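Reviewing the structure listed below.
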Amino acid sequence: MPKMYGWVREVVPESPADRAGLQPGDLIRTINGHLIRDLVDYRFYVADEDLLIGFDRQQEQHEARLTKSIDENLGVLFGEEPAPFIRQCANKCVFCFIKGLPERYTPQPGLTHGMRSSLYIKDDDYRYSFLFGNFITLTNLKEQDWQRLDEQKLTPLYVSVHATNPELRRKIVDGPRAGEIMEHIQRIGNLGLSCHTQLVLMPTINDGEELERSIRELTELRPIVESISVVPIGLTKYNNMIKTGDLPILRHYTREEAEDIIEQVEVHQRKFEAADPEGYPFVFLSDEWYYLTGREFPPGTHYGDYSQIENGVGMTRYLLEQWGNGKRRLPPAMPEPKRITLVTSTMAYPVIERLAEDIRRIEQIEVQVIAVTNKFFGAEVTVAGLLCGQDVLAALEERGNLGDLVLLPRVMLDNEGTRFLDDITVAEFKEKVPTRVEFVRNAQETIGAIREMAGLVATGIGRRPVRVQSRL
Numbered sequence: 001m002p003k004m005y006g007w008v009r010e011v012v013p014e015s016p017a018d019r020a021g022l023q024p025g026d027l028i029r030t031i032n033g034h035l036i037r038d039l040v041d042y043r044f045y046v047a048d049e050d051l052l053i054g055f056d057r058q059q060e061q062h063e064a065r066l067t068k069s070i071d072e073n074l075g076v077l078f079g080e081e082p083a084p085f086i087r088q089c090a091n092k093c094v095f096c097f098i099k100g101l102p103e104r105y106t107p108q109p110g111l112t113h114g115m116r117s118s119l120y121i122k123d124d125d126y127r128y129s130f131l132f133g134n135f136i137t138l139t140n141l142k143e144q145d146w147q148r149l150d151e152q153k154l155t156p157l158y159v160s161v162h163a164t165n166p167e168l169r170r171k172i173v174d175g176p177r178a179g180e181i182m183e184h185i186q187r188i189g190n191l192g193l194s195c196h197t198q199l200v201l202m203p204t205i206n207d208g209e210e211l212e213r214s215i216r217e218l219t220e221l222r223p224i225v226e227s228i229s230v231v232p233i234g235l236t237k238y239n240n241m242i243k244t245g246d247l248p249i250l251r252h253y254t255r256e257e258a259e260d261i262i263e264q265v266e267v268h269q270r271k272f273e274a275a276d277p278e279g280y281p282f283v284f285l286s287d288e289w290y291y292l293t294g295r296e297f298p299p300g301t302h303y304g305d306y307s308q309i310e311n312g313v314g315m316t317r318y319l320l321e322q323w324g325n326g327k328r329r330l331p332p333a334m335p336e337p338k339r340i341t342l343v344t345s346t347m348a349y350p351v352i353e354r355l356a357e358d359i360r361r362i363e364q365i366e367v368q369v370i371a372v373t374n375k376f377f378g379a380e381v382t383v384a385g386l387l388c389g390q391d392v393l394a395a396l397e398e399r400g401n402l403g404d405l406v407l408l409p410r411v412m413l414d415n416e417g418t419r420f421l422d423d424i425t426v427a428e429f430k431e432k433v434p435t436r437v438e439f440v441r442n443a444q445e446t447i448g449a450i451r452e453m454a455g456l457v458a459t460g461i462g463r464r465p466v467r468v469q470s471r472l
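Using full-length UniProt numbering, read the sequence shown as starting at 1 and increasing by one per residue.
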């Protein structure tokens, strides 16, 4: 029997759903007569104030009527993934992340774990793009998908462009209708929708003159295109220095090349900032360029509403702002001597050390920062989100005295917060670490954990939803 979206895992007490009599185990099938296929349908139809919910309970059909305010949450938590039938990607992008993975499910020497199986799913799903900001290529949308985009006004979308040159994009994406990207974006605009775009740059392939062309042609599609992010290619030891077709060998950017990219993009940023009353730069550089060159990150005002933060655009600046606003809540002293360990990636080590200096001002506390080298994917992979449990465990064991608390970035784990990339579970990880372990999403959760250690209420602050988590 096919898997259905809508199985209720939990009902929030005193919520509209609770007052209407919904219970864990119910299967919501319709809202106001509309079939609920996935989370997009649910969010779209549940926005009404008067709801007639059709649901199954123990194989019997029921209905519940309820009234709520238009901005009030129904109060149900679901037990399945947001979109159970993930639209698979038909493309063969030259830099596809799956090409950077080891052979499926193969454990490393001395370990019983393989890779997390969900990593090998190539999604190119417009529903994930709307819901979570996942980037899609627009190559596999069928006519009914366009109709649904129009009906439910799913906007903004997040689109992987890489190159507006049709011939070059066909080589990079190698998928059906890959060369029609400009027409697809124009169609988004014809529906009254908009999108954010990204250009994943590869040395000598789609930078230089091709980058100029892509920025120019995407600019001509404003306001359909709300922003452009420029991101360097990410490669692992499994796909670094490989060659595809007649394209040059894939490789990482050098520091000198990264300097040239920054200077090239900054010319466009200055032009857009001068022309916009709010100084909106329109074209953004992901954080990796600044780390690679050692340049200072732009101020928070540069990033506006951080529309591409989950693509690594402004994530470091947001973390620093978040920390700066919240560090006043750090306790002045610990009731007794404490030692904490902050775990991060090699890329973010200097930034996390800046945070650690503030923590060291607390009396009776010692802080150490451990930068974990990525041995699994290769040392050139430097972000925390691609660190495997085995490498983190090895780094902690090598350091020895971890103190009273180890804080790790939550982005190391899957969406449920239960597994690392190499399928090591959090429970297994904690069994091997001889001290308390906590995974934190952001600055306020880090501050909250330290306050809790001091016996204070672990209340955080922030102006963005908790789901925006640091991958540093």
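Even for Gly, the Cβ is constructed at its ideal location relative to N, Cα and C. Please read these numbers as outputs of a predicted model, since none were measured by experiment.
In whole angstroms, give me the CA-to-CA distance for residue i and residue j.
{"i": "leucine 413", "j": "glycine 314", "result": "21 Å"}
{"i": "glycine 460", "j": "glycine 75", "result": "Interpretation of glycine 460 is limited by its pLDDT of 44, a score under 50 that renders its predicted location unreliable; the figure taken from the coordinates is listed afterwards. Their backbone Cα atoms lie some 23 Å apart in a straight line."}
{"i": "isoleucine 205", "j": "leucine 52", "result": "54 Å"}
{"i": "tyrosine 42", "j": "glutamate 416", "result": "20 Å"}
{"i": "asparagine 140", "j": "isoleucine 181", "result": "11 Å"}
{"i": "leucine 247", "j": "proline 176", "result": "19 Å"}
{"i": "tyrosine 290", "j": "glutamate 60", "result": "58 Å"}
{"i": "glycine 403", "j": "threonine 316", "result": "27 Å"}
{"i": "residue 479", "j": "histidine 184", "result": "Summary: the structure shown does not reach residue 479, with the chain confined to residues 1 through 472, and so no result is reported for it."}
{"i": "alanine 178", "j": "serine 227", "result": "20 Å"}
{"i": "glutamine 269", "j": "histidine 302", "result": "10 Å"}
{"i": "arginine 57", "j": "glutamate 72", "result": "24 Å"}
{"i": "glutamate 273", "j": "phenylalanine 282", "result": "8 Å"}
{"i": "isoleucine 31", "j": "proline 13", "result": "21 Å"}
{"i": "arginine 9", "j": "isoleucine 424", "result": "25 Å"}
{"i": "phenylalanine 44", "j": "histidine 62", "result": "21 Å"}
May I ask you to list the residues that DSSP assigns as paired with residue i?
{"i": "cysteine 195", "result": "Leu157 and Val225"}
{"i": "threonine 344", "result": "Ala371"}
{"i": "threonine 30", "result": "Leu35 and Gly54"}
{"i": "tryptophan 7", "result": "Leu27"}
{"i": "glutamate 398", "result": "None; glutamate 398 has no bridge partner."}
{"i": "leucine 201", "result": "Pro232"}
{"i": "phenylalanine 78", "result": "Val8"}
{"i": "phenylalanine 439", "result": "Leu408"}
{"i": "arginine 339", "result": "Glu366"}
{"i": "threonine 219", "result": "Paired residues: none, contrary to the question."}
{"i": "threonine 67", "result": "Asp50"}
Assuming residue i and residue j form a contact by the criterion Cβ under 8 Å, report the distance between their Cβ atoms to the nearest whole angstrom.
{"i": "leucine 193", "j": "leucine 149", "result": "6 Å"}
{"i": "valine 40", "j": "leucine 138", "result": "No, valine 40 and leucine 138 are not in contact; Cβ-Cβ is about 17 Å, not under 8 Å."}
{"i": "leucine 386", "j": "leucine 421", "result": "7 Å"}
{"i": "isoleucine 352", "j": "valine 369", "result": "5 Å"}
{"i": "leucine 211", "j": "alanine 258", "result": "Contact flag wrong, Cβ pair sits at about 13 Å."}
Give the DSSP-derived three-state secondary structure of residue i in the structure shown.
{"i": "histidine 62", "result": "strand"}
{"i": "threonine 425", "result": "strand"}
{"i": "alanine 258", "result": "helix"}
{"i": "tyrosine 120", "result": "Low confidence applies to tyrosine 120: its pLDDT is 48, below 50, so where it sits in the model is not reliable, and the reading given next is rough at best. It is helical."}
{"i": "methionine 315", "result": "helix"}
{"i": "glutamate 416", "result": "coil"}
{"i": "valine 327", "result": "Reading off the sequence shown, one finds lysine at residue 327, where the question assumed valine. Lysine 327: helix per DSSP, three-state reduction."}
{"i": "valine 406", "result": "strand"}
{"i": "isoleucine 309", "result": "helix"}
{"i": "alanine 333", "result": "strand"}
{"i": "residue 516", "result": "Summary: the structure shown does not reach residue 516, with the chain confined to residues 1 through 472, and so no result is reported for it."}
{"i": "tyrosine 126", "result": "Annotation note: pLDDT 48 at tyrosine 126 (below 50); position unreliable, coordinate value reported separately. Reduced to three states, the DSSP call for tyrosine 126 is helix."}
{"i": "isoleucine 242", "result": "coil"}
{"i": "isoleucine 136", "result": "strand"}
{"i": "threonine 382", "result": "coil"}
{"i": "histidine 252", "result": "coil"}
{"i": "lysine 237", "result": "coil"}
{"i": "aspartate 43", "result": "The sequence given here has arginine at residue 43, not aspartate. Here arginine 43 sits in helix by DSSP."}
{"i": "leucine 355", "result": "helix"}
{"i": "leucine 292", "result": "helix"}
Measuring only from the beta carbon, is residue i closer than 8 Å to any heavy atom that is part of the ligand COA?
{"i": "glutamate 353", "result": "No copy of the ligand COA occurs in the structure displayed, which carries no ligand at all."}
Within 9 Å (strictly less), CB to CB, does residue i reach chain D?
{"i": "glycine 400", "result": "Of the chains in the structure shown, none is chain D; there is only one protein chain."}
Counting only runs that start and end within the stretch 263–287, where is the beta strand (DSSP E) found for 3 or more residues in a row?
283–285
Let me know the alpha helix (DSSP H) ranges lying completely inside the stretch 140–189, each 4 residues or longer, listed in chain order.
143–152 and 166–173
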